[in-house]
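Q:
Protein chains: 2
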Amino acid sequence: MSVTKIHHINFIVEDLSAGIDRYRKLLGIDNFVIDDLPGRGVKTARSKVGDSWLVLVQPVDMTGIPGKHLQQHGEGFFLISYSVDDLQQAAANVVAQGSAMTSEIPRQGLENWQVWDIDQNDTLGTQIQFCEEK
Amino acid sequence: MSVTKIHHINFIVEDLSAGIDRYRKLLGIDNFVIDDLPGRGVKTARSKVGDSWLVLVQPVDMTGIPGKHLQQHGEGFFLISYSVDDLQQAAANVVAQGSAMTSEIPRQGLENWQVWDIDQNDTLGTQIQFCEEK
């Protein structure tokens with residue numbers, strides 16, 4: 001079992017429009033696709049950079065995990081999601097190594113992304129996630 | 001001017017060996033290349049994941065920027081470096097947009113990586129860097 005690439009990286013922003021504007025002006029990143037992800041209490045803007053997605057995440061519900069992250073840490077890096085061929089196998093390996101996933105089953109991300117987070121206590125300060133498109 | 005891909009992402013760790021071990025066990029990432037970067041006061045371990053480099057960074061000099069980051073924020077995300085075709089052009093665009101680079105000229109990163117950081121005041125809480133291999 002090995003991750004195959006960086007599928008996406010999420011950055012928390014206070015304001016999606018301001019974030020899009022900043023990334024366009026400083027990095028030339030454009031063609032953002034806007035989406036809501038009500039289950040997480042966020043609005044998102046994603047753009048493909050090379051072979052990975054850059055995702056800007058604006059919390060709209062401050063009681064959700066991204067909203068709490070914004071309140072505690074401010075804007076910035078939120079999580080990195082690695083592509084795997086088989087989510088179940090990737091999660092089973094984590095458990096076999098003595099670590100844990102944050103939930104019993106994967107959850108629905110944007111588009112056809114099925115995502116599953118590793119317990120952050122086991123990942124050296126970084127929220128790491130697996131992603132499988134299906 | 002537009003960035004072309006995620007060239008590398010740096011994560012600060014307290015102990016390089018422990019970091020390598022964790023990434024191998026949980027993510028199956030292996031084949032780390034170990035390197036010192038004395039100018040930054042760090043030891044590093046890098047491995048290619050898809051089309052991008054994952055870089056683990058252990059500060060050995062706590063007065064350097066990565067060392068201070070570890071002391072202030074603990075382990076976790078440090079910076080994201082985007083590939084550009086022309087460093088000078090990318091930096092000139094940042095300045096033209098009213099933002100700033102952190103130095104007058106690029107600095108030498110690992111291998112043949114020439115890197116140049118955007119002032120973090122202008123990047124919504126994320127240390128963003130340009131990278132050109134030459």
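Going line by line, the protein sequences match chains A and B. Mapping to my numbering: the first sequence position 90 is 90, numbers consecutive. Mapping to my numbering: the second sequence position 1 is 1, numbers consecutive. We put the CB at the ideal spot given by N, CA and C, even for glycine. These figures come from a predicted structure and were not determined experimentally.
(1) With a CB to CB cut of under 8 Å and the five nearest residues on each side skipped, what residues in its chain are close to tyrosine 82 of chain B?
(2) If you draw a straight line from the alpha carbon of glutamate 14 of chain B to that of threonine 123 of chain A, how long is it in whole angstroms?
(3) Compare the beta carbon distance of glutamate 75 of chain B and isoleucine 20 of chain B with 7 Å and say whether it is the shorter of the two.
(4) Are any of the Cβ atoms in chain B nearer than 7 Å to that of glutamine 97 of chain A?
(5) Using DSSP bridges, identify the partner residues of alanine 45 of chain A.
(6) Using a Cβ-Cβ cut-off of 7 Å (strictly less than) and excluding sequence neighbours within five positions of glutamine 120 of chain B, which residues of its own chain qualify?
(7) What is the DSSP secondary structure of serine 83 of chain B, reduced to helix, strand or coil?
(8) Here's the rule: buried if 16 or more other CB atoms are within 10 angstroms of the residue's CB, otherwise exposed. What is glycine 95 of chain A?
(9) What first and last residue would you give for the beta strand (DSSP E) that runs through lysine 5 of chain A?
(10) What residue range does the alpha helix (DSSP H) around histidine 120 of chain A cover?
(11) Short of 7 Å in beta carbon distance, which residues of its chain neighbour glutamate 133 of chain B, apart from the five on each side in sequence? Order them along the chain.
(12) On the criterion of 16 or more Cβ atoms from any shown chain inside 10 Å, does alanine 91 of chain A qualify as buried, or is it exposed?
A: This is what the structure holds:
(1) Val3, Thr4, Lys5, Ile6, His7, Ile128, Gln129, Phe130 and Cys131
(2) 12 Å
(3) no
(4) yes
(5) A:Ile34 and A:Leu56
(6) Gln127
(7) strand
(8) According to the sequence provided, residue 95 of chain A is valine. The question's glycine does not apply to it. Exposed, because fewer than 16 other Cβ atoms sit within 10 Å of the Cβ of valine 95 of chain A.
(9) 5-12
(10) For clarity, residue 120 of chain A is glutamine in the given sequence; the question names histidine instead. That residue, glutamine 120 of chain A, is in no alpha helix (DSSP H); it is neither H nor E in DSSP.
(11) Asn112 and Trp113
(12) buried
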